[in-house]
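Q: Position 51 (the sequence shown) corresponds to 50 in numbering that gives the first Met the number 0; numbering is contiguous.
What follows is a structure written as structure tokens; I'll ask about it next.
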Amino acid sequence: MIVKMLHLDLVCLAREKDKTLTQLRDLGAVHLDLSSAQGATVAAAKGAAADAEKAVRLILKARGKEKDINIHERSVADILAIEADRETLKSAKDELERTIRTYEPYGDFDPELAEQLLKDVDGLRDVVPLPETLPPMRLSKMREKLDRIENRITIDIAKIAGSDENAILKRYPALADKIAFESAKELVGEQGELAFVSGWIPATGRGAFAAAAAEMGWGTLIREPAEGEIPPTLVEPPKMFRPMKALFSGLGIAPAYTEADVSVPFMCYFSLFFAMLVGDGAYGAIFLAGTLAMRKKLPRSWFILLTVFSSATVLWGLLSNTWFGAGIPWCADWPTVKWLADPSYHNMMLLCFTIGVSHLMLARIWNGVCKAPDSTCVAEFGWAGILLFMYLVTNSIVGIFPGIPKWGFWVLGVAIVAVFGFSVKPSELKTRGAELGMLPLNVMSALGDIISYVRLFAVGLASVKVAENFNSMATGLISSENAWWMNALMCVAMVAILVVGHALNLAMAGLSILVHAVRLNTLEFSNHKGVSWSGYEYRPFKRTST
């Protein structure tokens, strides 16, 4: 569900502004619009955080893959100062190298002696065309100076590489808290001896906050959101599906405050899409092994999500008997394997279209139930009927069904009447009547939405075929006609091809999940459910450092 929000206006003494903000932060219940703060102190706090991030990047870049390094704790300022010195030296090095390249053809001569010769021997002026100016020092001296500069650069890089990035990372939460606190101060207004700030609190925490406010001596006004105000969105799915909050945050999406929480169908269908798009049980096993190996480092929500998605992929591999693009002989006679292995691919496409129509009809029926007993609920059930008819049309187009059954046309007729007659109330015809003119286009769009689910089959099949081709390419290297040593070399090449090929295919499978699995949930399904993902996440003002 989406938790109900209440608007908060808080008043305190102006001289206690900082104390009040500290107490608010300790409570960790009030959402403040910190993004609107742009003052100088906020900029300074953000600059300090940016410097810390830059320092960590410099350390990791300088260290590279080197592990045997003595680590010393250095401040961010010291690291940035060393980097500034390195950049200055780098500029001097580049300039000196250009000078050396310019004068190198003339050999290692003393420029002072050359200048003296030019003055004393007039007849030698035009013998050799020299550059417009003489070098600042002889070539050997320039090379010695270049060596010294390069040595200093090496020392600077070693100092940066030997800095302790973990010490900086440990302080980063405190820097984030500083940014949040300074941003909150920017939002506090003052009038005489009073200070005031506005925010949002969950309705479920109203009692606890009111008690805390009374204890702190604050004046508060807690009310329902006014028309035009847009509260933040706090999604609270059922306990089993709460890890979805991590996925929503990772994708940077949140439903609008007035929309529905779609965490449950999102997770169920996303798991199915994940499995079908990856399409290989062995890849799922690799994902699962990696997830289990990273258990201590992964946040709990992400660990649960990745475990569910990977397990679903392994299960799909069992049902389809697909393991690194090959099949296991003892699974070949399983009913699901035979059904999915239909050479015409009709069964696989039927499955995709069935998943699609169930996904979209769920959205429409859900809307209808939520709108009941309002008359517009009839239109939502009508849209479910249109989707069912388009499902029949889609399967007929690709030859899965021999044609559209007669009852399908009855469903379409009743559905169109329901949609046309109940989408807009009679009292709204003047303002929303034009929406009815879009009905034919929307009906055709429903057909496209169902066809869109064929991507589950197409992308999954492509992944399997790529794996099969790499397998064929690798195994084709070995031949009984080759000498033993040739086959030994070919074995090495075969392993390399298999590792690189399947790694590439695995990476492409991960990319397809981000593109297709997310799209089917956030676009096709969400359009029918009426979820625009235009909300912003509830982020209470609280301390993150310990």
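Yeah, the Cβ is synthetic: ideal placement off N, Cα and C, and Gly gets one too.
Quantities reported herein were computed from a predicted structural model and do not represent experimental measurements.
May I have a chain-ordered list of the alpha helix (DSSP H) segments no shorter than 4 residues that lie completely inside the stretch 436-471?
A: Counting whole runs of 4 or more residues, the stretch 436-471 contains the alpha helix (DSSP H) stretches 438-450.
Q: Please report the distance separating the alpha-carbon of G459 from that of E536.
A: So the two alpha carbons sit approximately 33 Å from each other.
Q: Could you tell me the boundaries of the beta strand (DSSP E) in which G191 lies?
A: Note, G191: premise wrong, no beta strand (DSSP E); not H, not E.
Q: Tell me, which residues are paired with S162 by DSSP?
A: Its beta-bridge partners are H71.
Q: Buried or exposed: where does A42 fall if 16 or more other Cβ atoms within 10 Å of its Cβ makes it buried?
A: Exposed, by the Cβ-count rule.
Q: When the Cα of C11 is compared with those of A508, V196, P401 and V463, which residue comes out closest?
A: Residue V196 is the option with its Cα nearest to C11.
Q: Going by alpha carbons, who is nearest to A83 out of D109, I152 and H71?
A: Of the candidates D109, I152 and H71, the one whose C-alpha sits nearest the C-alpha of A83 is I152.
Q: Report yes if the CB atom of T306 is closer than 8 Å to the CB atom of L287, and no otherwise.
A: Yes; because the gap between Cβ atoms is below 8 Å, this pair is in contact.
Q: Taking three-plus beta-carbon pairs below 8 Å as touching, is the stretch 340-349 in contact with the stretch 295-304?
A: With the cut-off at 8 Å, the stretch 340-349 and the stretch 295-304 do not touch.
Q: Where does the unbroken beta strand (DSSP E) through R241 begin, and where does it stop?
A: No beta strand (DSSP E) holds R241; DSSP gives it neither H nor E.
Q: Start and end of the alpha helix (DSSP H) containing V546?
A: For residue 546 there is no data in the structure shown, the boundaries of the chain being 0 and 545.
Q: How about G436 and V410: are their beta carbons less than 8 Å apart?
A: For G436 and V410, no; Cβs fall outside 8 Å.
Q: Count the other CB atoms, across all protein chains shown, that sit within 10 Å of the CB of F308; report buried if there are 16 or more and exposed otherwise.
A: It counts as buried.
Q: Candidates R538, T545 and T543: which alpha carbon is nearest P201's?
A: Cα-wise, what sits closest to P201 is R538.
Q: Per DSSP, what kind of secondary structure is A325 in: helix, strand or coil?
A: DSSP places A325 in strand when its eight states are reduced to three.
Q: Secondary structure at P135, three-state DSSP: helix, strand or coil?
A: The answer is coil: DSSP assigns P135 none of H, G, I, E or B.
Q: Here's the rule: buried if 16 or more other CB atoms are within 10 angstroms of the residue's CB, otherwise exposed. What is W406?
A: Per the 10 Å Cβ criterion, exposed.
Q: Give a yes or no on whether the C-beta atoms belonging to L359 and F524 are separated by under 8 Å.
A: The answer is yes: Cβ separation under 8 Å.
Q: Below 8 Å, how does it come out for the stretch 259-270 and the stretch 23-43: are there three or more Cβ pairs, yes or no?
A: Counting Cβ pairs under 8 Å, fewer than three are found: no touch.
Q: Just tell me which of L138, N165 and A274 has its CA closest to the CA of D109.
A: Residue L138 is the option with its Cα nearest to D109.
Q: My understanding is that S182 touches L33, with C-beta atoms under 8 Å, so please give their C-beta distance in whole angstroms.
A: Their Cβ separation, rounded to whole angstroms, is 4 Å, which keeps S182 and L33 in contact under 8 Å.
Q: Give the single residue among V423, M136, E96 and R97 whose Cα lies nearest to the Cα of A113.
A: The residue with the shortest Cα to Cα distance from A113 is M136.
Q: When you compare the CB positions of K45 and I178, do they come within less than 8 Å of one another, or not?
A: Yes, the pair counts as a contact, with Cβ atoms nearer than the cut-off.
Q: Nearest-angstrom Cα distance between I399 and G381?
A: Those two C-alpha atoms are separated by around 25 Å.
Q: Quick one: using the 10 Å Cβ neighbour count with 16 as the cut-off for buried, is A492 buried or exposed?
A: Burial call: exposed.
Q: Return the chain-ordered list of same chain residues with a C-beta closer than 8 Å to the C-beta of R142, the five sequence neighbours on each side being excluded.
A: Correct list, in chain order: I99.
Q: Name the one or two DSSP bridge partners that G218 has.
A: G218 pairs with V10.
Q: Express the C-alpha separation of D176 and P231 in angstroms, rounding to a whole number.
A: Taking the straight line joining both Cα atoms gives about 20 Å.
Q: My assumption, with CB atoms under 8 Å, is that A508 sits in contact with S462. Please give the rounded CB distance.
A: Right, the Cβ-Cβ distance comes to about 5 Å (below 8 Å), so this counts as a contact.
Q: Decide yes or no for the touch test of the stretch 358-377 against the stretch 321-340: beta carbon pairs closer than 8 Å, at least 3 of them.
A: In short, these stretches do not touch, since the Cβ pair count stays below three.
Q: Within its chain, find whatever has a CB closer than 8 Å to the CB of L174; leave out the 5 residues flanking it on each side and keep chain order.
A: So the list reads A44, A47, A48 and A51, once near-sequence residues are dropped.
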